[in-house]
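Residue numbers for the sequence shown follow my numbering, beginning at 2 and rising by one.
Each residue gets a CB set at the ideal place from its N, CA and C atoms; glycine is no exception.
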Amino acid sequence: MKYSIKEKLLACALALAFAVPAAACAKSSGDEANASLYGGDAVVGITQEPMIFDPYTVEAAGDREILFNVYEGLYKFDSTGTLNPCLATDVVISDDATTYTFTIREGVTFHDGSELDTGDVVYSLQKASEIKSEFADVESVVDNGDGTVTVTLNNPNSEMLSFFTVAIIPEGSYDTIGETRIGTGPFMFTSYEAGIGIVLTRNDNYWIPELPYLDTVTFKVCADMDSGFLELENGAIDIFPYLMTDKANQLNPASFEVLSLGSNMVQGLFLNNAVEPFDDVRVRQAINYAIDREEIINLTMDGAGVPLTTGMSPVIGDAYDSSLDDAYPHDTDRALELLEEAGYGDGFDMTISVPSNYLVHVNTAVAIADELDDIGINVEIEQVDWATWLDRIYTNREYQSTIIALTSDYAPYDVIGRYLSSADNNFINYSNPEVDAIIEQIPLTIDETERNELYHQLLDYMTEDAASCYIQDPYSTCAVSRRLAGYNLYPMYIQDMSTVHLAVDPAES
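So this is what it looks like as structure tokens:
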């Protein structure tokens, strides 16, 4: 007996719900009219156990969204996706994009009370160049003695500025930063208890005097999406940023504001290009033709997603190539032809490994398994915990296929750099010399129009290669209790709590 996809999704959701155990002095503004904005607390529901608090080695989006409130870089993205000065007040970039000279902001203190100076910046950027691949081309970081720091690169890099969002930490502190978690951000790290959550406390000495508003922010670990939603409804959670459309529609609009925005995430069925049969481009192409993206989005997201056939979301801007949108229409006959050509006319068995804490990815796996069955591919769905996914699949690349949503900074080079053959985060083992050459050329290209043309060429190559099976940029839908105001939804995976405050009672205003 063959069950419908919706029946399979329901069964999977029920199994997941039973398989995962349940988890759980106001600042004076100097303005009496705004005094009621300050103080109080907020609880943010998260469905991923925090793992890494080192800002230079953190990979998981669920960790990054928290650390955004603790650490800051020379530059920082805002909720519109604009890159703005932060711990630097400005930057001068040489015409050939080989030197970046930053003026360091004065009057900034770290959470331990020490004052930010150019020595901290030099130390932090040098440490980043030792650890982070994005800084591998840094030749030198020099304190100019006049409040500025100059970074010199071995090669021109016109795309480098977005990477200077990397955390600035106190000089000499890196060896213990994972435990001390000392940054300059609006909130200070207070405590972490596995399975329970993280508590952040307001930084009373934050360099933007009017921020933040709240006394404390708690990131509360929820067992899964459904339990998080129940806690939201019951008032135990104030902000829940992982809502499905059907859940959002159940909320009382008098009690919750629901926000939705393109997320700059790329959800896909990621195929290990180094493992049979996915080392054959025809098999990867066949899977792309077999997938009905619109149907999957309707089933798993109630339509709240943008279909993707490339590894980049259209929200990224001009680097995206919309001409590739229809590269892989749903075409079962073409999929069968390609499998026959590749020697898999009788189909094959495959395993999709999925992090069990993300119900949308589990549901997507169920829907894809049903569609691949139509072309003779028998799918086994393996649910793994998040720590296992990070270790075995992402780091060690011991898997056949997986479903996940990749996040990135709001910068096209950060989106695409993972496809360089030698990239540490190229967990799908994709390799194409032509793509490598373009990725390496992009930072050397000063003219923005020419850079965007290179991005288009790169996406064209990767689409033809069917590097993986891209599905959607899921809308980020977040519910916010009306006891709070000031929350901004970002086009990236970030929880910025600096502007959130208690809602003012109209009777008090």
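Segment limits, alpha helix (DSSP H) that includes residue i
{"i": "S402", "result": "First-last for S402: 402 to 407, but that is the beta strand (DSSP E), not the alpha helix (DSSP H)."}
{"i": "I298", "result": "294 to 302"}
{"i": "L460", "result": "449 to 466"}
{"i": "A89", "result": "Premise fails: A89 lies in the beta strand (DSSP E), 89 to 94, not in any alpha helix (DSSP H)."}
{"i": "S228", "result": "226 to 234"}
{"i": "E435", "result": "434 to 442"}
{"i": "G179", "result": "178 to 181"}
Continuous beta strand (DSSP E) stretch holding residue i: start and end
{"i": "A287", "result": "No beta strand (DSSP E) holds A287; the alpha helix (DSSP H) holding it covers 282 to 291."}
{"i": "T153", "result": "149 to 154"}
{"i": "K77", "result": "76 to 78"}
{"i": "P210", "result": "Here P210 belongs to no beta strand (DSSP E), and DSSP marks it neither H nor E."}
{"i": "D42", "result": "42 to 47"}
{"i": "Q268", "result": "267 to 272"}
{"i": "L68", "result": "Element bounds for L68: not the beta strand (DSSP E) but the alpha helix (DSSP H), 62 to 68."}
{"i": "G263", "result": "257 to 263"}
{"i": "M189", "result": "188 to 194"}
{"i": "I495", "result": "Element bounds for I495: n/a, residue is neither H nor E."}
{"i": "T100", "result": "100 to 105"}
{"i": "K221", "result": "217 to 222"}
{"i": "L391", "result": "Taken as a continuous stretch (DSSP letters only), L391 belongs to no beta strand (DSSP E), as it is neither H nor E."}
Backbone CA spacing between residue i and residue j [nearest angstrom]
{"i": "G312", "j": "Y214", "result": "38 Å"}
{"i": "N250", "j": "V505", "result": "25 Å"}
{"i": "D113", "j": "I209", "result": "17 Å"}
{"i": "D91", "j": "G148", "result": "12 Å"}
{"i": "M2", "j": "S432", "result": "Any reading at M2 is ruled out, since the residue's pLDDT is 42, under 50, leaving its predicted position unreliable."}
{"i": "L485", "j": "D350", "result": "50 Å"}
{"i": "V501", "j": "E232", "result": "20 Å"}
{"i": "S409", "j": "D205", "result": "30 Å"}
{"i": "T301", "j": "L360", "result": "9 Å"}
{"i": "S477", "j": "Y243", "result": "7 Å"}
{"i": "T191", "j": "D216", "result": "12 Å"}
{"i": "Y4", "j": "E381", "result": "Caution applies to Y4, whose pLDDT of 44 falls short of 50 and renders its modelled position unreliable; the model cannot decide the point."}
{"i": "C13", "j": "S482", "result": "Model confidence at C13 stands at a pLDDT of 46, short of 50, so the residue's coordinates are unreliable and nothing is read from them."}
{"i": "T202", "j": "T181", "result": "14 Å"}
{"i": "Y491", "j": "Y193", "result": "25 Å"}
{"i": "T450", "j": "N156", "result": "20 Å"}
{"i": "D327", "j": "T310", "result": "7 Å"}
{"i": "H457", "j": "P444", "result": "15 Å"}
{"i": "I53", "j": "G346", "result": "45 Å"}
{"i": "V200", "j": "G304", "result": "35 Å"}
{"i": "D293", "j": "T102", "result": "49 Å"}
Any C-beta of chain C under 8 Å from that of residue i
{"i": "W387", "result": "Note that chain C does not occur in the displayed structure, where there is just one protein chain."}
Close-in-space but distant-in-sequence residues of the same chain around residue i (CB under 6 Å, 5 per side omitted)
{"i": "F78", "result": "L84, Y411"}
{"i": "V284", "result": "P278, A343"}
{"i": "Y321", "result": "M313, P315"}
{"i": "S29", "result": "Reliability of the predicted coordinates at S29 is poor, the pLDDT of 34 falling under 50, and no value is obtained from them."}
Among the options, nearest to residue i - alpha-carbon criterion
{"i": "G186", "options": "E73, T246, D293", "result": "E73"}
{"i": "L154", "options": "V282, T100, T166", "result": "T100"}
{"i": "A237", "options": "Y243, K248, F220", "result": "F220"}
{"i": "S115", "options": "A168, I183, T202", "result": "I183"}
{"i": "D97", "options": "T446, Q49, F241, F165", "result": "T446"}
{"i": "E160", "options": "D176, F136, E180", "result": "F136"}
{"i": "P413", "options": "S256, F164, E258", "result": "F164"}
{"i": "L373", "options": "L270, N156, M493", "result": "L270"}
{"i": "A370", "options": "N489, S402, A224", "result": "S402"}
{"i": "Y400", "options": "T352, A366, D415", "result": "T352"}
{"i": "D319", "options": "D466, Q384, L460, R294", "result": "L460"}
{"i": "N430", "options": "A62, T396, D415, I405", "result": "T396"}
{"i": "V416", "options": "V385, V267, S357", "result": "V267"}
Close-in-space but distant-in-sequence residues of the same chain around residue i (CB under 8 Å, 5 per side omitted)
{"i": "A34", "result": "Any reading at A34 needs caution, since the residue's pLDDT is 44, under 50, leaving its predicted position unreliable; the model's value is listed next. Around A34: no qualifying Cβ."}
{"i": "G173", "result": "Y124"}
{"i": "I376", "result": "A287, A291, T333, A336, L337, L340, G348"}
{"i": "N427", "result": "R419, Y420, L421"}
{"i": "Q496", "result": "V45, E66, I67, F69, N70, F220, I240, P242"}
{"i": "D280", "result": "N274"}
{"i": "E140", "result": "T153, L154, N155"}
Residues sharing a beta bridge with residue i, DSSP
{"i": "E381", "result": "T352"}
{"i": "P308", "result": "Q473"}
{"i": "N85", "result": "K77"}
{"i": "R483", "result": "Answer is none; R483 lacks a bridge partner."}
{"i": "E116", "result": "T110"}
{"i": "H502", "result": "A486"}
{"i": "V316", "result": "Per DSSP, none; premise fails for V316."}
{"i": "D144", "result": "V150"}
Own chain partners of residue i with C-beta closer than 7 Å, once the 5 adjacent residues on each side are dropped
{"i": "P171", "result": "F111, D113, S115, D121, I183"}
{"i": "Q442", "result": "L455"}
{"i": "N145", "result": "T151"}
{"i": "G41", "result": "L215, D216, L503"}
{"i": "I378", "result": "G348, F349, M351"}
Residue i Cβ short of 7 Å to the ligand NAD heavy atom set
{"i": "T81", "result": "Questions concerning the ligand NAD fall outside what the structure shown contains, since it holds no ligand whatsoever."}
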